[in-house]
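Q: Have a look at this one before I ask anything.
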Amino acid sequence: QDIGFLISKGGITSNDTLSIGLALRTARLLGQILPGVSMVRTPADHPQFPNLPVVLFPGNVGDEAALATAYSRLTSPSSP
17 QDIGFLISKG
27 GITSNDTLSI
37 GLALRTARLL
47 GQILPGVSMV
57 RTPADHPQFP
67 NLPVVLFPGN
77 VGDEAALATA
87 YSRLTSPSSP
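Residue numbers (the working numbering): 17 to 96.
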């Protein structure tokens, strides 16, 4: 089953998600979905998840609603 996006919570977890889980060596920064919360996209030629938006959500960023806000923005009809 395909996934539409990935949210990784925590700095070390996010690094491991990109470098180990997705085996990325480089990533293109698309911008911030929230202040301090970056979004990248896997390359079009990624073997498992081409063009997958990945949100990098540091553990110490945002309030108690920030994760839900990021999720809502990604699931809205105009999301990446």
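Virtual Cβ for every residue (Gly too), placed ideally from N, Cα, C.
(1) What are the boundary residues of the alpha helix (DSSP H) that includes Ser88?
(2) Excluding the 5 residues preceding and the 5 following Lys25 in the sequence, name in chain order all residues of the same chain whose CB lies nearer than 6 Å to its CB.
(3) Any contact between the region 25 to 40 and the region 60 to 79? By contact I mean 3 or more CB pairs, one from each, below 8 Å.
(4) Given that a residue counts as buried once 16 or more other Cβ atoms are within 10 Å of its Cβ, and exposed if not, what is Ala60?
(5) On the DSSP letters alone, give me the boundaries of the alpha helix (DSSP H) that Ile28 sits inside.
(6) Would a C-beta distance cut-off of 8 Å place Ala86 and Val53 closer than the cut-off?
A: So, from the data block:
(1) 82 to 91
(2) Phe73
(3) yes
(4) Classification for Ala60: exposed.
(5) DSSP places Ile28 in the uninterrupted alpha helix (DSSP H) bounded by 27 to 32.
(6) yes
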